[in-house]
Every structure is written in C-alpha cells, then in structure tokens.
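Trainee:
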Amino acid sequence: MAAAGADDVRPLYRTILALGAVALGILLLGGIEFVYFEPLGERTSNQVRIEGVFAYDHQTRQTSGADMDSFSRDQEFAAVVDWSSLPPELVVGANWYDSFGDVVGSAGPAPARELAGQEVVPVAAHSGQERNLPGHYLFVVERYENGQPVEVLGRRIALVKRSG
Amino acid sequence: MAAQAAYHRQGRPARYRIAAGLVGVVLLVLAVTAVFDYRSFADVPGRALLFGLPVVVFIGLATYLGVEAFDRDPGRRRRHLLLAGGLLTAAILLWLLILDVFVFTQDAGPVVALVCAIACLPTTAFALWVVRRLDRNEKEPWRLVLAAAAWGAIVATSLVILGESLWEEVSVYTLLPGPGLEASTAFSAGLFEELAKGLAVLLLFLAMRDEFDDVVDGIVYGAAVGLGFNFMESIAYMTYLFSIFGDGAGAGAAGVQWYARQVLGLFFGHASYTALIGAGIGIARQLSSRRAQVLAIASGWLIAIAGHFAWDAWLTFFPISHSLFALVEIHLRTFLMDGPFTAMVAVLLLLGLRLEGRALERQLGAEAVSGSGAIMPYEVPVLSSPWQRFLARWRAMDRGAGFREYGRVGRLQNAQLDLAMERWHRERKEIDEPLAAEEALRQRVLRLRRQATP
Numbered sequence: 001m002a003a004a005g006a007d008d009v010r011p012l013y014r015t016i017l018a019l020g021a022v023a024l025g026i027l028l029l030g031g032i033e034f035v036y037f038e039p040l041g042e043r044t045s046n047q048v049r050i051e052g053v054f055a056y057d058h059q060t061r062q063t064s065g066a067d068m069d070s071f072s073r074d075q076e077f078a079a080v081v082d083w084s085s086l087p088p089e090l091v092v093g094a095n096w097y098d099s100f101g102d103v104v105g106s107a108g109p110a111p112a113r114e115l116a117g118q119e120v121v122p123v124a125a126h127s128g129q130e131r132n133l134p135g136h137y138l139f140v141v142e143r144y145e146n147g148q149p150v151e152v153l154g155r156r157i158a159l160v161k162r163s164g
Numbered sequence: 001m002a003a004q005a006a007y008h009r010q011g012r013p014a015r016y017r018i019a020a021g022l023v024g025v026v027l028l029v030l031a032v033t034a035v036f037d038y039r040s041f042a043d044v045p046g047r048a049l050l051f052g053l054p055v056v057v058f059i060g061l062a063t064y065l066g067v068e069a070f071d072r073d074p075g076r077r078r079r080h081l082l083l084a085g086g087l088l089t090a091a092i093l094l095w096l097l098i099l100d101v102f103v104f105t106q107d108a109g110p111v112v113a114l115v116c117a118i119a120c121l122p123t124t125a126f127a128l129w130v131v132r133r134l135d136r137n138e139k140e141p142w143r144l145v146l147a148a149a150a151w152g153a154i155v156a157t158s159l160v161i162l163g164e165s166l167w168e169e170v171s172v173y174t175l176l177p178g179p180g181l182e183a184s185t186a187f188s189a190g191l192f193e194e195l196a197k198g199l200a201v202l203l204l205f206l207a208m209r210d211e212f213d214d215v216v217d218g219i220v221y222g223a224a225v226g227l228g229f230n231f232m233e234s235i236a237y238m239t240y241l242f243s244i245f246g247d248g249a250g251a252g253a254a255g256v257q258w259y260a261r262q263v264l265g266l267f268f269g270h271a272s273y274t275a276l277i278g279a280g281i282g283i284a285r286q287l288s289s290r291r292a293q294v295l296a297i298a299s300g301w302l303i304a305i306a307g308h309f310a311w312d313a314w315l316t317f318f319p320i321s322h323s324l325f326a327l328v329e330i331h332l333r334t335f336l337m338d339g340p341f342t343a344m345v346a347v348l349l350l351l352g353l354r355l356e357g358r359a360l361e362r363q364l365g366a367e368a369v370s371g372s373g374a375i376m377p378y379e380v381p382v383l384s385s386p387w388q389r390f391l392a393r394w395r396a397m398d399r400g401a402g403f404r405e406y407g408r409v410g411r412l413q414n415a416q417l418d419l420a421m422e423r424w425h426r427e428r429k430e431i432d433e434p435l436a437a438e439e440a441l442r443q444r445v446l447r448l449r450r451q452a453t454p
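Heads up: the protein sequence lines correspond to chains S and D, in order.
Position one of the first sequence corresponds to residue 1 (the numbering used here), numbered consecutively onward.
Position one of the second sequence corresponds to residue 1 (the numbering used here), numbered consecutively onward.
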C-alpha cells in the first residue's frame, strides 16, 4: 500500500524535474545573450577623458560653471568629452541614459577624429516631458565594433533631484 | 493539517532547528543590510531597513505567539492571539510608517502612498481569497496564508535590497548599457527576489508541516507570498511613477501601473513564480529520498528564477507602441511572456488536486470500513466531492438551524478530511508521530459528530 502510494507522486516529480530542465534552458539562453552583448576579451588600454558634467544652455550650446554631480529638474546639463584623448581612428560613441534606461542624448558612433566638433553631449528631456525626469543619469563613452558597442571607455553618473 | 486538532508533540524534530537557523540567517542579512546601506549609501532604503528591523522582530514574535495559541497552549489562546494580533498590527503600521515617511513621503507624499495602498488592497485580498480556495479539499488556515503574504510584502522586499543594490552598483560600473546589462539586472532580480520569497514557503515546510500537506498547499502558500510581494511592489512603483511624472501624468502612470500589476498581472508574475517554488517544495514534502527532495525543491526554485528572469530580461523584445493597439499589446505581452509559467502552475495544481482527491477518497473509504465511527460508509461519496460537501452543509442549514448548523457540519467535514489526510501521510510515512495525531483527530471527529447532524 505504501509503495503504491509512493508511486502516486511520480508524475508530479517528473513534471517538476522537466520544468527544472526548461529553467536551465531559459537561463542558458540568458547567459548566451549576456555574452553576446557583453563580449569577453574586448578590454583595451584606451580610456577617454571626460572633462566633466556641466550646466548647459541649449540656445548658446555652451556649458558653464563647475563640474557637477547633481542637477535640478529644470536645469539643463551636458557632458564634455575630450575626443583627442582617443586614437583618431577608433570608432566610438557617447550616450546619456536616463533612469528608465532610455537614451536621452548621444554623439556618434564615428571615428574619434570625426567627433572633434561634438565635445559637448547634452541631455534632452524624456519624450513628452518639458523637464528632465528625476533619477540617476548614466553617461558612457563606448568603443564600437561592427556597429555594436563592445567596451566602455569612460562613464559618469549624474543625479537629477526630484525637488526643485 | 487541522490546527484545531493538533496534538501535543513530544519534542521537536530536527527540521525546526533548520528553520530556526534560516530565520537567524534572515535576521542577520537584514541587520547587515541595514547597517551596510546606512553607512554606504546614507540613502532612504538604508534608513528604512534600519527601522524595518523591529518590524521583522514583531512579526517573528507574533508568529510564535500565534503558533503557541493554536498549537501548544489552548488555555491561553485568547491572550496569545490578542498579543500576536497587536504585534502584527504594530509591525504593519510601523512598516507602513517607514514606507510613508522614509520612502514615499518625501517624493509622492503620504496621501499618495495611502491612496496607492488602498487601491491595491482589495485586489490583493481578492486574489488571496481565490488562491486559498484553490485547495478544494482542505483549505489552509487564514493565519498562515496571511503570514505568507506578509512575508512577501514586508520581509522579502527588505531582504532583496542589499543583494540587488550591490549587484546594480557593480553592474552599472562594469557593464555596457543595453541588453547585456538588462540581462544581468534581470538575473539579479530573479535570483534575489525568488530566494527571498521562497524562503517563506521553505520555512512553512520546515516549521508548519502539519499545515503543509502536498503540492497543492505549496502552490497556495507560494502564490500568497507572491501576492504579498506584488502588493508592496505595486505601491512602490505607483508612488515612484507618481513622484517623477508629477500630479497630472503621474496619476495616469500610477493608474496604468495599478492595472498592469493588480488586475492584468495579479495571478501572473510574482504569484506564479513563487507558486512554482511552492510546488517544488510541496512535491518534496511527499518524496522519501533526500536526493529527490533536493532535486524537486531546486527545480521549483530554478523555474521561478527563470520565469522572473525571462520577464525582466526579454520585456524589451515585446515593445509597446504609442497607438491604440498598445492596449492589446500590453495584454498580449503578459499572456505570452508570463502565461506559460502560470500554465505550469495550473498543470501542477490539477495534477496535485487529482492525486489528493483520489488519496482522500481511498482513505475515507478505509476509515469507514474500519468501523471507528468517525466516517460512515454513506458519507464517503459526500466527503469526496467539494460540491456534495457544500450541498450537505446547505441541507443542514435548510433544515432550520441556519448558519450555525452550516458551520457545525462544515467543521465536522473538515475534521473528517483532516483525519483522511493524516491517514494518507501515515500510509506514506510522511509524519513525525502518526498514531498520536491520528487518534487525536479521530476523537475530535467523534466529538464534533455528537454536536452536528449532517
């Protein structure tokens, strides 16, 4: 009787084991995706010089003041990149990401020498918004290969405060 | 199994020590999280955790008193229950206060936080009611279902902060923004959140074995934990969106979030993921080999982590347009991405209910044949069917005695089912002290039979 009872659970046990196998498949896919977008062995000695993050006026397209880490929602800001700190033929690009991970400002990708006139990379307000959304903003300069970013050459984080 | 009929145990099995150890680890993680967060980030979550520790202690004490009241010391039940209720209320109030003051108030304000909580309460309560009713033969006690939900809402949400914060810090400073970073963040969420939620089900499995019978119970407890987590996460996201988009668009964004999490995704997402963990633990409950138990528990946990990961990592592959079709897309996305995991829960639940139903029918018949008087042969077909049980209660009420008789017959039926369940566990050698428990339940049925006339 007990042995027969023990057998009752087997279909359930096999089902959960099968689901465990499915889970391993899903996680393996995730691992492959991660390695594809985060390729190993792409690290070089290149490093970009980010001058800083400054207050910005979109009418004059000029930055002003000191290098800052936080801004109010009404304050425009931009990163300033010294593209000459990179080899001229290196294909690079710069992007601002808001706290939702959306790109809210960019330059490139292009060979570093072609970005000489684009040292200032400003943040644009999220679509449909008049002011910047609060939260952390990530600025990265990336090296590209075959149209895909493969290495981060420099990064800065700026905070847009909720109040103000 | 039956709380009311529980017997006095002679000492505690080793699993209680494992459970106590796990609780110790949880408290340690919370303490380290609180101190680490406070020192390192000097940020809101850190302070919230520091103040959140008393909440965890209150809930622990309340759970202990609740168990004592029902399980150990019936003579002081009322006093213990009052104390447990008071502590739980204090814990919930304290936690809400922390949420309001330290997390949401300075951004969205206490009124918005309160409105969000009130909006999420009826939907979550409804879902808990539905989930508890899934166990057609032997419903789990409300106190444990609510304790599971409270763990999900309060303890699990606190437990994940340290791990997820550290992971995010490292990822943001080392990985490329884009799908790789999203996959990494999704893995972190799946791993830490499912571990934190699943711990509640594992603790119930270790410490409340009498109330944890099989895969069905595991699914019920797991889903309850997930619903609690979803409740707190809904409030957090709603208030966050309200605070960043402002009064006008913020209310709309919070409303959309409420619909997505509290209506459309109520039984998907967290409820399904943690139900899968519960299913694994529930299946392990009925396995004799330690290796098979570990494999079942690990499989349940893995599929929960994978489901959570898949949603978070691959959400971007199902973009929502800015047209009217977006309404259809939002629903399709949930059904296509989370639907398969909810379907897995449904399959396990149906298999479990079928297994449980057959086993109970067999045990009810065997008890009837034994001549103990606890179950009569003519009662077997009635007790084997939830619908027939309801009709029997209804007929008893209809005879003129009203809801009181309905309740009496219901209690008798529950006790009889508890006895059948106990017999099933004894047959499978799944209980610590089978004979003492079984005889206690049998006597309880006979006592109730004298009071009720089915």
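For each residue, glycine too, the CB sits at the ideal point set by N, CA and C.
Can you pull out the residues from the segment 19 to 35 of chain S whose beta carbon lies closer than 9 Å to at least one beta carbon of chain D?
Mentor: Correct list: Leu19, Gly20, Ala21, Val22, Ala23, Leu24, Gly25, Ile26, Leu27, Leu29, Gly30, Gly31, Glu33, Phe34, Val35.
Trainee: Name, please, each residue of chain D whose Cβ falls closer than 8 Å to the Cβ of Thr15(S).
Mentor: Translated into the one-based positions of the first sequence, residue 15(S) becomes position 15. Going along chain D in sequence order, the residues near Thr15(S) (Cβ under 8 Å) are Val347, Leu348, Leu351.
Trainee: Looking at the C-beta of Gly280(D), does it have a partner C-beta in chain S at a distance below 8 Å?
Mentor: Position 280 of the second sequence, counted from the start, is the residue given in the question as residue 280(D). It does; some Cβ of chain S falls within 8 Å.
Trainee: By the 10 Å Cβ neighbour count, where 16 or more other Cβ atoms means buried, how is Pro109(S) classified, buried or exposed?
Mentor: Within the first sequence, residue 109(S) is the residue found at index 109, counting from 1. So Pro109(S) counts as buried.
Trainee: Of the residues Ala366(D), Gly407(D), Arg132(D), Glu379(D), which one's Cα is nearest the Cα of Glu422(D)?
Mentor: To locate residue 422(D), count along the second sequence from 1; it is residue 422. Measuring from the Cα of Glu422(D), the nearest candidate turns out to be Ala366(D).
Trainee: Determine the DSSP secondary structure at Gln59(S), reduced to helix, strand or coil.
Mentor: Within the first sequence, numbered from 1, the residue matching residue 59(S) stands at position 59. If DSSP states are grouped into helix, strand and coil, Gln59(S) belongs with coil.
Trainee: Taking just the CA atoms, how far does Ala66(S) sit from Ser299(D)?
Mentor: Counting from one through the second sequence, the residue named residue 299(D) turns up at place 299. Counting from one through the first sequence, the residue named residue 66(S) turns up at place 66. For Ser299(D) and Ala66(S), the distance between alpha carbons rounds to 54 Å.
Trainee: Run down chain D in chain order and give the residues with a C-beta less than 8 Å from the C-beta of Gly169(S).
Mentor: The displayed coordinates of chain S run from 1 to 164. Any statement about residue 169(S) would go beyond what the structure contains.
Trainee: Tell me the DSSP bridge mates of Ala78(S)?
Mentor: Translated into the one-based positions of the first sequence, residue 78(S) becomes position 78. Answer by DSSP bridge pairing, in chain order: Phe54(S), Pro122(S).
Trainee: Does the beta carbon of Tyr56(S) sit closer than 8 Å to a beta carbon anywhere in chain D?
Mentor: Here residue 56(S) refers to the residue found at position 56 when the first sequence is read from its first residue. Closer than 8 Å: no.
Trainee: Using beta carbons (cut-off 8 Å, strictly below), is Gly484(D) in contact with chain S?
Mentor: A question about residue 484(D) goes unanswered here, because the residues of chain D that appear run from 1 up to 454.
Trainee: Kindly say whether Gln257(D), judged by its beta-carbon, lies nearer than 8 Å to any beta-carbon of chain S.
Mentor: On the second sequence, position 257 is the one that residue 257(D) refers to. It does not; no Cβ of chain S falls within 8 Å.
Trainee: Alpha helix (DSSP H) containing Asn414(D): first to last residue?
Mentor: Walking along the second sequence from the start, residue 414(D) turns up at place 414. 402 to 427 is the span of the alpha helix (DSSP H), which, as asked, contains Asn414(D).
Trainee: In its own chain, which residues sit with a C-beta less than 8 Å from the C-beta of Ala149(D), not counting the 5 before and 5 after it?
Mentor: By one-based count along the second sequence, residue 149(D) stands at place 149. Here the set comprises Thr124, Leu128, Ala224, Val225, Leu227, Gly228, Phe231.
Trainee: Across the segment 140 to 156 of chain S and the segment 39 to 54 of chain S, are there enough close Cβ pairs to call them in contact, namely three or more that are closer than 8 Å?
Mentor: Touching, per the Cβ criterion.
Trainee: In the DSSP assignment, find the unbroken alpha helix (DSSP H) run with Ile32(S) in it and report its ends.
Mentor: The residue you call residue 32(S) lines up with position 32 of the first sequence. Residues 10 to 37.
Trainee: Who are the near neighbours of Leu348(D) in its chain, counting only those whose CB is closer than 7 Å to its CB and skipping five residues on each side?
Mentor: On the second sequence, residue 348(D) is found 348 positions in, with the first residue counted as 1. Around Leu348(D): Val215, Ile219, Ala279.
Trainee: Can the beta-carbon of Ala112(S) be found closer than 8 Å to that of Val80(S)?
Mentor: Reading the first sequence from its first residue, position 112 is the one you call residue 112(S). Reading the first sequence from its first residue, position 80 is the one you call residue 80(S). Contact: no.
Trainee: Nearest to Cys120(D) by CA position, among Tyr259(D), Val32(D), Thr185(D), is which residue?
Mentor: Taking the first residue of the second sequence as position 1, residue 120(D) is located at position 120. That would be Tyr259(D), whose Cα lies nearest to the Cα of Cys120(D).
Trainee: Quick one: grab the DSSP three-state call for Phe231(D).
Mentor: Here the question's residue 231(D) lines up with position 231 in the second sequence. Phe231(D) falls in the helix class under three-state DSSP.
Trainee: For the candidate residues Pro134(S), Val22(S), Pro11(S), whose alpha-carbon lies nearest to that of Phe341(D)?
Mentor: As a working note, residue 341(D) is residue 341 in the second sequence. Nearest option by C-alpha distance: Val22(S).
Trainee: Does Gln363(D) pass the burial test, meaning 16 or more other C-beta atoms within 10 Å, or should it be called exposed?
Mentor: Along the second sequence, read from residue 1 onward, the residue named residue 363(D) stands at position 363. By the 10 Å Cβ count, Gln363(D) comes out buried.
Trainee: Roughly how far, in whole angstroms, is the beta-carbon of Ala19(D) from the beta-carbon of Ala207(D), given that I think they are within contact range, below 8 Å?
Mentor: Sequence index remark: in the second sequence, residue 19(D) carries index 19 (1-based). Sequence index remark: in the second sequence, residue 207(D) carries index 207 (1-based). About 4 Å separates the two Cβ atoms, so the contact holds.
Trainee: In chain order, what residues of the segment 215 to 241 of chain D put their CB closer than 8 Å to some CB of chain S?
Mentor: Within the segment 215 to 241 of chain D, the qualifying residues are Val215.
Trainee: What does Val152(S) touch in chain D if you count any residue whose Cβ is under 7 Å from its own?
Mentor: Counted from its first residue, the first sequence places residue 152(S) at position 152. Neighbours of Val152(S) on chain D, chain order: Leu176.
Trainee: Give me the Cα-Cα distance between Lys429(D) and Ser288(D), rounded to the nearest whole angstrom.
Mentor: Against the second sequence, residue 429(D) aligns to sequence position 429. Against the second sequence, residue 288(D) aligns to sequence position 288. About 8 Å.
Trainee: Hey, out of Thr334(D), Ser323(D), Ala304(D), whose CA is closest to Phe317(D)'s CA?
Mentor: Against the second sequence, residue 317(D) aligns to sequence position 317. The residue with the shortest Cα to Cα distance from Phe317(D) is Thr334(D).
Trainee: Does DSSP put His308(D) in a helix, in a strand, or in coil?
Mentor: Start at 1 with the first residue of the second sequence, and residue 308(D) comes out as number 308. Of the three classes helix, strand and coil, the one that applies to His308(D) here is helix, per DSSP.
Trainee: How should Leu169(D) be labelled, buried or exposed, when 16 other C-beta atoms within 10 angstroms of its C-beta is the threshold for buried?
Mentor: The residue labelled residue 169(D) in the question sits at position 169 within the second sequence. Note that residue 169(D) is Glu in the sequence shown, not Leu. Glu169(D) should be labelled exposed.
Trainee: Please report the straight-line C-alpha distance between Arg74(S) and Val104(S), rounded to a whole angstrom.
Mentor: Against the first sequence, residue 74(S) aligns to sequence position 74. Against the first sequence, residue 104(S) aligns to sequence position 104. As written in the sequence, residue 74(S) is Asp, which differs from the Arg given in the question. About 15 Å.
Trainee: Assign Phe126(D) to buried or exposed, taking buried as 16 or more other Cβ atoms, counted over all protein chains shown, within 10 Å of its Cβ.
Mentor: Mapped onto the second sequence, residue 126(D) falls at position 126. The residue is exposed, with fewer than 16 neighbouring Cβ atoms inside 10 Å.
Trainee: Which class does Asp100(D) belong to by DSSP, given the choice of helix, strand or coil?
Mentor: As a first step, residue 100(D) is located in the second sequence; it is residue number 100 there, counting from the start. Any reading at Asp100(D) needs caution, since the residue's pLDDT is 48, under 50, leaving its predicted position unreliable; the model's value is listed next. Reduced to three states, the DSSP call for Asp100(D) is helix.
Trainee: Counting only beta-carbon separations shorter than 8 Å, does Asn132(S) have a partner in chain D?
Mentor: Position 132 of the first sequence, counted from the first residue, corresponds to residue 132(S). False, the Cβ-Cβ gap to chain D never drops below 8 Å.
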